[in-house]
Each structure stands twice: as structure tokens, then as C-alpha cells.
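Residue numbers (this note's numbering), protein chains in the order written: chain Z, 844 to 1060; chain R, 844 to 1060.
A short write-up of the structure that comes next.
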DNA sequence: GTTTAAATTAAACAAGTGTTTAATTTTGCA
DNA sequence: TGCAAAATTAAACACTTGTTTAATTTAAAC
């Protein structure tokens, strides 16, 4: 009768209505935080009954788990594909940066949620899945850089594990202080803001990482 | 009778009990978020009556405002002092990075709160104060870099406004994914974690910014 | 010691929370 | 068409939320 009681998260099937709920939840969680968003908010915007969230996902907590799972499954693949491509090391790194920015741009909401709601260690389950994802990503980045080092293009005294923080961190900080940068760069429209990211911010990050990787004392 | 009704935030005097409340609030807001922290949580940990928060600060919202104001007033000065120091451009930049990291380390809590709770634009008042703070900081950074450019030490095609996001963003991303980095770097104790920041992470950021600023094609 | 204001308290307030229930409607299949 | 499972609903549940009230205690000034 009840579709998911005593079920594990990864086996929940996603019909249209569930995906609709997840999308609304993503936006609201990202805008107002997990605690700041009520199930009534979600059901109102998704135009469903309050009970449907519990009916479909079991609880608000498990809705969050389902959301994180749903939005991160395909991220891993994209980086692994990049590994196989036949590109020069620096081109690969630049493409890596573009992929990161693009991915996070497309999923702004969930990344905000991931960072904010997984910071306190209580949500063990979601956190573990997220950690595994990051480990996989780090491996991909590692082998791209080591390829460049083996070819003598990249210097070897860089802290590879800290390159991702610089890429994502720069982008994220820009995003988290959006209204500030909108003001100082005079980015009046959504389009102008996105264009700034696509051109200037991406270029800055690529320039930074390139300098770090190829600069000789 | 009531000490603060119809009063503006900046004029609230801070006695010991208020500061105690602010400190507890900072920790809890940072751990569980603004919405995730109840006044009862705060009053319990601060060992005061629930009504005292409203009595002292007027409301939970104004408690947050007071917290932000209280914790950011002296940040501006530190950067302005650095400007006056007689150092080589690169030394100045390195010291700038150390100041940033140190400041945020000392005030981890409030910076988390600032980023998370000020992201949605509803809290106009606190947001504006924060924006002014960032503008001032940017000015300091700008003139440090321009000094280096005038001396011919730094290249001129860097996006100065995006340097702070790289510094703070890298550090913040590291902090927000603390448990992940604790795992991959095997940082078992608080001390080891702080040492990693003080040595490796700081070095990485300094190395990155140096490369960006002095690298020639 | 009395008085007056401030500090502190327990209790109550209305509103909002996540979740469950039980009844009803819709759906898919025989 | 009939029937059983699934989907959907409104209502109620117990609980927590931020805030206010009114009473009491503490502190300071005269």
C-alpha cells in the first residue's frame, strides 16, 4: 500500500511527480535552506498535497537524500570521459575547469544544499555518498595532472589535492557573493551575470591554474 | 523599561551577558544554521532564560544583525594597516593571504553564517553592512597589487577583483569539506587539521597567487 | 529602609512544524 | 463492468517555534 516504507533510498523509482517535487525542493532548499523550507512550502509550489512528500519519500530527511542522490549520479561520468579524450595536458585542464563550472552552474541549487546541509556531520548517509563522489573526482583530476607532469609540461611541486578547492572555491565564492559582484561589475541582468562567469571568471580560473602548473621560478 | 525597543542595532551596548549570548549564537548558527537554531537552544547553552534574547536584542533576527555587526567591525582595520607597511609587493600579498586565513580561522563561525544566511537577499540591513566591508577590503587589495604592478613586479593582465575570491574561496571550500580532507590527508586531530591549514594550504594559496601575479607567457 | 528601575523568570500565546490517519478518488487490469 | 491497488485528499496529531505577558527577584539611588 505504502510505496516506500522500509525501503532504501537508491531504489526509489522516480516518476514525473517525484521529479517535480525534487526540482521544487532543490530550488527552495537552495533559496531558504533545508530547515528554512517547510513541506507545506514545497507542496504548495509543486501543487501537490502535503502528505505526498511523506508518501513518496518517507520523510523530509529522506527527500533530501533522494535529492542529493538524484542530482549527483551522472557527475562522475563526465570527468571520467574527459580522461579518455586525446588532448594536450593544458587543454585538458582548461576543459576540466569548464566542466566544473558548467556542472555547478547547471546545478547551483544542489551544490549550495550539499555544502550547507552536509557540513554538520549528522546526515551520515548523504555525506558518505558525497565523499565518494569527491574521491572519484579527485582521482580524475590527479591523473590528468600527472599526465602533464610526465610529459614535462607541468611542474611537479604542486599540491594536486588542493587544485580542486581553488577551482570550485573561486567559483563558489563568486556565486555566494553574487549581489556584491553584480554591484562592482555592474551586472544588471541575469544574462550579463552568466556571461561574466562564462567569459571572465572562467578565464581567470584557467589563467590561475595554468600559472600555478607551468610557472617556473 | 524594555532596554532596546525602537532602538537601532548599532547602539546596543554589549555587557558580558550579551556577549555570552552572541558567542553561543555564533557557534550554534554556524553549526546548525540560523533557521536550524532555536532561541531555546541558545538560551539553554548560554544558561539564560528564553525571554532574555528578546529582552536584550528584540528578536532573533536582530540578534543575527547584532552578531554580524559585533564580529566584523575590526576586520577592516587590519587590511588598512597592512597597506601602510613597508614591504615588497610579493611579501605584502603573502601577508595579505595570511591575514585573510587567520581572520576567517578565528571567526569560522560568523563567516559561515555570513555566507549562508546572507545569500538570500531578505536581510537587507546586515547584507549592506557586509557589502561595505567587502568593498573596503577590495580597495586595500587593489592598491597592494597596483603597487606591485607599478614596480614592474606583477603582470598587468590579471583580474584584480577576482583574486580575493580565489584566496578566500580556496580556503572556504577546504573548510566546508573539512571531513573529506581530514580523510584524504589523514588529519586525525584538530591540531593536525589546523597545522595543515597553517602550512600546506596557506603555502598552496600563496604559491597560486604568486604564480598568477608574476608568471610570464 | 524605602523606592524605582532593571533583570530575570515561568507561563502562556498563536502560529507553524513534520507526520499520520482514514476516507475518497483515480487508475490499471481481469 | 467490477475490483483491487495506487494515488490523492482534508483533517488531525503532537510538538516546536518566536514572542509576549505579568509576576517576581535583584540592584542601585536616595
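Ideal Cβ positions, reconstructed from N, Cα and C, are used throughout, including at glycine.
Keep in mind that this is a model prediction, so the values were computed, not measured.
Between the alpha carbons of residue 936(R) and residue 894(Z) lies a gap of roughly 56 Å. For residue 887(R), the closest of 871(R), 900(R), 899(R), 898(R) by C-alpha to C-alpha distance is 871(R). In the DSSP assignment, residue 969(Z) falls within the alpha helix (DSSP H) that extends over 967-993. For residue 931(Z), the secondary structure class from DSSP, reduced to helix, strand or coil, is coil.
Among the residues of chain Z, none has a CB under 9 Å from the CB of residue 939(R); the nearest is roughly 16 Å distant. Residue 962(Z): not part of any alpha helix (DSSP H); DSSP gives it neither H nor E. Within chain R, not a single residue places a beta-carbon under 9 Å from that of residue 885(Z); the smallest gap is close to 15 Å. Following the DSSP letters along the chain, one finds residue 883(Z) inside the alpha helix (DSSP H) bounded by residues 882-888. For residue 944(R), none of the residues of chain Z pass the 7 Å Cβ criterion, the least Cβ distance being about 13 Å.
Remark: fewer than three beta-carbon pairs, one from each stretch, lie closer than 8 Å, so the stretch 1029-1039 of chain Z and the stretch 969-989 of chain R are not flagged as touching. Taking a C-beta cut-off of 9 Å against chain Z, the contacting residues of the stretch 1025-1038 of chain R are 1026, 1027, 1028, listed in chain order. Only those residues of the stretch 947-961 of chain Z whose C-beta falls short of 7 Å from the nearest C-beta of chain R are listed: 958, 959. Burial is judged here by how many other beta carbons sit within 10 angstroms of a residue's own beta carbon; residue 914(Z) has at least 16 and is buried.
Residue 912(Z) is not a Cβ neighbour of residue 868(Z), given a cutoff of 9 Å. Within chain Z, the residues 1016 have their CB atoms less than 7 Å from the CB of residue 1011(R), given in chain order. Runs of the alpha helix (DSSP H) spanning 4 or more residues and lying entirely within the stretch 1013-1044 of chain Z occur at 1021-1027, 1033-1039, in chain order. One alpha carbon belongs to residue 959(Z), the other to residue 938(R), and they sit about 29 Å apart.
Taking 8 Å as the upper bound for CB-CB distance, residue 1052(Z) and residue 1011(Z) are not in contact here, some 12 Å apart. For residue 908(Z), the nearest beta carbon of chain R is not closer than 9 Å to its own beta carbon. Excluding five sequence positions before and after residue 865(R), the CB atoms of its chain that fall closer than 7 Å to its own CB belong to 909, 910, 913, given in chain order. Against chain Z, the beta carbon of residue 1043(R) has neighbours under 8 Å at 1002, 1005, listed in chain order. Here residue 954(R) carries a helix assignment [DSSP, helix/strand/coil]. In the DSSP assignment, residue 914(Z) falls within the unbroken alpha helix (DSSP H) covering 903-915.
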